[in-house]
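Peer 1: The structure that follows is given in the form of structure tokens.
Protein chains in written order, with the working numbering: chain W, 20 to 416; chain V, 20 to 416.
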């Protein structure tokens, strides 16, 4: 059977070229990078090279890149770390309503410890209303967290605009001897996929994960600008400059570095291929299926993201039927796909609850072909038709 | 040059048989285990098999095993998770004074949030005085954390005795409608090396790490008994039963499982080989070098642990010279080896500060040979002699 993997938002395939570079760090170079004898040398050098490669991808200095184990850890580290380190100065956080669960739940945990939070609204286009920031920031605000690209609907957020608003507020706060408000962006879905420049964005903290750009599982990072006050999430030894304790996952970190290098050098080429195929897939779906909508802005979206809602049928059923013909897709976030709840992201952009359940995320990768897109769109169309024939709701409509 | 790796306390070599089992989960089975389509199947099954294998090693049910990224994360999750979940009931923690930095620093972080802590003393033999527990436990105590085997001096602690003391106290607390005190053990240095049975130990939480028993970096776990109230360290999605969010490091987890299986089936054989060679090494060092002491009880210690303090010379110098002849050892904990501070563990057992600096940890592994031990002991003796010839302190003695 032909197989088409269109669930790259959940996890991209590991690039075999990346695995090749990782391989010596398993059985041969097994030393602990913290050791001062010669077994520590290659692992340490491998990690530091990776830190440079990741830094280059972000336009950041390597010393501002701190490795973690996954994107959720990076987000928790950013939010809890900043909150705990700055709580004497204020206990208010602002996040957008379409953040990843690892951001929203971390905020909930801080609320149980006395913090309060405000949510930035999002338009029906899936773009966060950053101009509301100036009304939400209070003297007690310590952190704003807005994602760079949404993990479900793929919309790319105006982070630089948010940073500009915050910069202005911070200039005034300095005069009033208040600490600056920090800006964190969850860029897990963005880094390695679209250009991300920490200087151009003007952010203070940024989360990224290797599994979004054909790197291995088990490696992710948090960029932290110099001077940001932040506590570790994992306390202990002096690894990662004392910011993240414990034995480092050397092979995965080395792989993340190599994947970052490829992402940087191949990004333009990859997106030149993916974007037209994404648009083709959207076009085929909107043309061939009735009562279907594209979720999120058509232009300001990740190059591989096709998120649609089909009325009168269930996402889970579509997924199963697609899987039967060899197509892997998703009905939403991989982190919550078993929970069977309507996506908070789709609800935020005004998709009605019952339509949310008929949502489907096809996420393309760098190796996608036109044949695959056409095949997937055709099979999807057939499946929607068949499922609707069985749907009492559709018949009534 | 002949190479002898005697720094297995920092990290054991990855067993090539383990790497072989991990390999398909990199490039081929790259799916996200949370996905419901067929790409998620093999990763999910691989992880669940690993959970069973780890459970079998601990005499635990698989559903009580929660995967993390390293031992420090497991320790932080246990301590912070229990503290945050139970803080309405009390804010007091008890730990031994020879705990790993990831335990001690996690406790410090909780102290900044209003918790207090007490330290259990340790004897000159490196064994924690668990009978002191009954005097230290207060109504406000929520957690006791005592390691199973010390990471530096290798001493094996009487955890079952500590559990018995706590069980008695908890029986009384139940009558007084107080919540039970939980017992956590950092078993990172012990699991996979000596028999560990969560039922026989009577603990509530137990940390372990793959890198201690020839498994890969990037995988570790926390055992949590049913009914223990604990918050996640990493909030977000529903992975690991909602206890540890984020994409799982599938290949490393699969490897940890296989390494656990080998540890269980080969443990007796491994230790039958290691223990006499450990004793031989200790014997050769004590015989050939003057003014040297063995740290930690000679019998109640890990099968591969040789920790000695040599007077009048520096551990760092010995390490460098040993490295020059191909021998990798450690001057203490890998997590702090760059910090050049006297080990808190050695200070606790009464080693004078200046002697602490002359300490050396040789940690053997399952593949050690008699020839290697003899070579290492001989080279070490020569190096000590040469360094002492250069030491003004030694000349004065």
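Just so you know, even glycine gets a beta-carbon here, dropped at the ideal spot from N, CA and C. Note that the coordinates shown come from a computational prediction; the quantities given were computed from them, not determined experimentally.
1. List in chain order: all unbroken alpha helix (DSSP H) runs of 4+ residues lying wholly within the stretch 58 to 132 of chain V.
2. Whose CA, out of 274/W, 120/W, 397/W, lies closest to the CA of residue 360/W?
3. Between which residues of its own chain and residue 137/V is the CB-CB distance below 6 Å, once the five residues before and five after are set aside?
4. What whole-angstrom Cβ distance do residue 43/W and residue 236/V have, given they're in contact under 8 Å?
5. Looking only at its own chain, which residues have a Cβ that is under 8 Å from the Cβ of residue 251/V, when we skip the five neighbours before and after it?
6. Hey, does residue 253/W have any beta-carbon neighbour from chain V nearer than 8 Å?
7. Since residue 228/W and residue 272/W should fall inside the 8 Å C-beta cutoff, what is the C-beta to C-beta distance between them, to a whole number of angstroms?
8. Touch check for the stretch 336 to 352 of chain W and the stretch 391 to 410 of chain W: three-plus C-beta pairs under 8 Å?
9. Can you tell me where the beta strand (DSSP E) with residue 33/V in it begins and where it stops?
10. Applying a beta-carbon distance threshold of less than 8 Å, which residues of chain W neighbour residue 35/V?
11. Assuming residue 289/V is part of the alpha helix (DSSP H), what are its boundary residues?
12. With 7 Å as the limit, tell me which residues of the stretch 47 to 76 of chain W have their beta carbon closer than that to any beta carbon of chain V; keep them in chain order.
13. Taking all protein chains shown into account, do 16 or more other C-beta atoms lie within 10 angstroms of the C-beta of residue 160/W, making it buried, or fewer, making it exposed?
14. For the stretch 234 to 266 of chain V, enumerate the residues whose C-beta is nearer than 9 Å to any C-beta of chain W, in chain order.
15. Measure the C-alpha to C-alpha separation of residue 422/W and residue 246/V and round it to an integer number of angstroms.
16. Could you tell me which chain V residues have their CB closer than 7 Å to the CB of residue 30/W, listed as they occur along the chain?
17. Leaving out the 5 sequence neighbours to the left and right, which residues in its chain are closer than 7 Å to residue 333/V when beta-carbon positions are compared?
18. Go to residue 407/V, then tell me how far its alpha helix (DSSP H) extends in each direction, as first and last residue.
19. Quick check on this structure: which residue in 143/V, 276/V, 322/V, 132/V has the alpha carbon closest to the alpha carbon of residue 102/V?
20. Between the stretch 313 to 327 of chain W and the stretch 138 to 155 of chain W, can you find at least three pairs of beta-carbon atoms closer than 8 Å?
21. Does residue 26/W come within less than 8 Å of chain V when only Cβ atoms are used?
22. If we count the other Cβ atoms within 10 Å of its Cβ and call it buried at 16 or more, is residue 278/V buried or exposed?
23. Using the Cα positions of residue 94/W and residue 284/W, report the straight-line distance between them to the nearest angstrom.
24. For the stretch 90 to 103 of chain V, enumerate the residues whose C-beta is nearer than 8 Å to any C-beta of chain W, in chain order.
25. Comparing the C-beta of residue 38/V with each C-beta of chain W, is any distance below 8 Å?
26. With burial defined as no fewer than 16 other Cβ atoms inside 10 Å of the residue's Cβ, what is the status of residue 292/V: buried or exposed?
27. Using DSSP's beta-bridge definition, name the partner residues of residue 227/W.
28. Spell out whether any CB of chain W is found under 8 Å from the CB atom of residue 347/V.
29. Below 8 Å on the Cβ atoms is my contact criterion, and I expect residue 49/V with residue 347/W to pass it. Report the Cβ-Cβ distance as a whole number of Å.
30. Are there three or more Cβ pairs, one per stretch, closer than 8 Å when the stretch 74 to 86 of chain V is compared with the stretch 299 to 315 of chain V?
31. Please list the residues of the stretch 310 to 340 of chain V that have a C-beta atom closer than 7 Å to any C-beta atom in chain W, keeping them in chain order.
32. Using the beta-carbon of each residue, which ones in chain W are nearer than 9 Å to residue 120/V?
Peer 2: Taking the structure as given:
1. Runs of the alpha helix (DSSP H) inside the stretch 58 to 132 of chain V: 60 to 77, 90 to 105, 120 to 131.
2. Locating residue 360/W in the first chain gives position 341, where the first residue counts as 1. Minimum Cα distance to residue 360/W is reached at 120/W.
3. Position 118 of the second chain, counted from the start, is the residue given in the question as residue 137/V. Around residue 137/V: 113, 155.
4. Against the first chain, residue 43/W aligns to sequence position 24. Against the second chain, residue 236/V aligns to sequence position 217. Contact annotation, residue 43/W with residue 236/V: C-beta distance approximately 14 Å; criterion of less than 8 Å not satisfied.
5. Start at 1 with the first residue of the second chain, and residue 251/V comes out as number 232. Counting only Cβ-Cβ distances below 8 Å, and skipping sequence neighbours, we find 96, 100, 261, 262, 263, 264.
6. Locating residue 253/W in the first chain gives position 234, counting from the first residue. Cβ-Cβ to chain V under 8 Å: yes for residue 253/W.
7. Along the first chain, read from residue 1 onward, the residue named residue 228/W stands at position 209. Along the first chain, read from residue 1 onward, the residue named residue 272/W stands at position 253. Contact flag wrong, Cβ pair sits at about 12 Å.
8. yes
9. One-based indexing of the second chain puts residue 33/V at position 14. Careful: residue 33/V lies outside any beta strand (DSSP E) and carries neither H nor E.
10. Position 16 of the second chain, counted from the start, is the residue given in the question as residue 35/V. Residues of chain W passing the Cβ test: 46.
11. For the purposes of this step, residue 289/V is identified with residue 270 of the second chain, where counting begins at 1. Its alpha helix (DSSP H) spans residues 269 to 307.
12. 49, 50, 51, 53, 54, 55, 56, 57, 58
13. The count along the first chain starts at 1 and reaches residue 160/W at position 141. Buried, since its Cβ has 16 or more Cβ neighbours within 10 Å.
14. 235, 236, 237, 238, 239, 250, 251, 252, 253, 254, 255, 256, 257, 258, 263, 264, 265, 266
15. Nothing about residue 422/W can be read from this structure; chain W reaches only from 20 to 416.
16. Your numbering for residue 30/W matches position 11 in the first chain. Within chain V, the residues near residue 30/W are 49, 50, 51, 266.
17. Here residue 333/V corresponds to residue number 314 of the second chain, with the count starting at 1. Sequence-distant Cβ neighbours of residue 333/V in its own chain, meaning closer than 7 Å and more than five residues away, are 376, 377.
18. Counted from its first residue, the second chain places residue 407/V at position 388. Run containing residue 407/V: 389 to 409, per the alpha helix (DSSP H) assignment.
19. Position 83 of the second chain, counted from the first residue, corresponds to residue 102/V. The shortest C-alpha separation from residue 102/V is found at 132/V.
20. Verdict: yes, contact present.
21. Mapped onto the first chain, residue 26/W falls at position 7. Residue 26/W counts as touching chain V.
22. One-based indexing of the second chain puts residue 278/V at position 259. Buried, since its Cβ has 16 or more Cβ neighbours within 10 Å.
23. To locate residue 94/W, count along the first chain from 1; it is residue 75. To locate residue 284/W, count along the first chain from 1; it is residue 265. So the alpha carbons of these two residues sit roughly 27 Å apart.
24. 90, 91, 92, 94, 95, 103
25. Taking the second chain and counting its residues from 1, the one referred to as residue 38/V is at position 19. Yes, residue 38/V lies at the interface with chain W (some Cβ there is under 8 Å from its Cβ).
26. Residue numbering aside, residue 292/V sits at position 273 when the second chain is read from its first letter. Buried, since its Cβ has 16 or more Cβ neighbours within 10 Å.
27. Along the first chain, read from residue 1 onward, the residue named residue 227/W stands at position 208. Beta-bridge pairing links residue 227/W to 240/W.
28. Stepping through the second chain from its first residue, residue 347/V is reached at position 328. It does: the Cβ of residue 347/V has a partner Cβ on chain W nearer than 8 Å.
29. What you label residue 49/V is simply residue 30 of the second chain in a count that begins at 1. What you label residue 347/W is simply residue 328 of the first chain in a count that begins at 1. Not quite, the Cβ-Cβ distance comes to about 11 Å (not below 8 Å), so this is no contact.
30. no
31. 338
32. Here residue 120/V refers to the residue found at position 101 when the second chain is read from its first residue. 254, 255, 256, 257, 264, listed in chain order.
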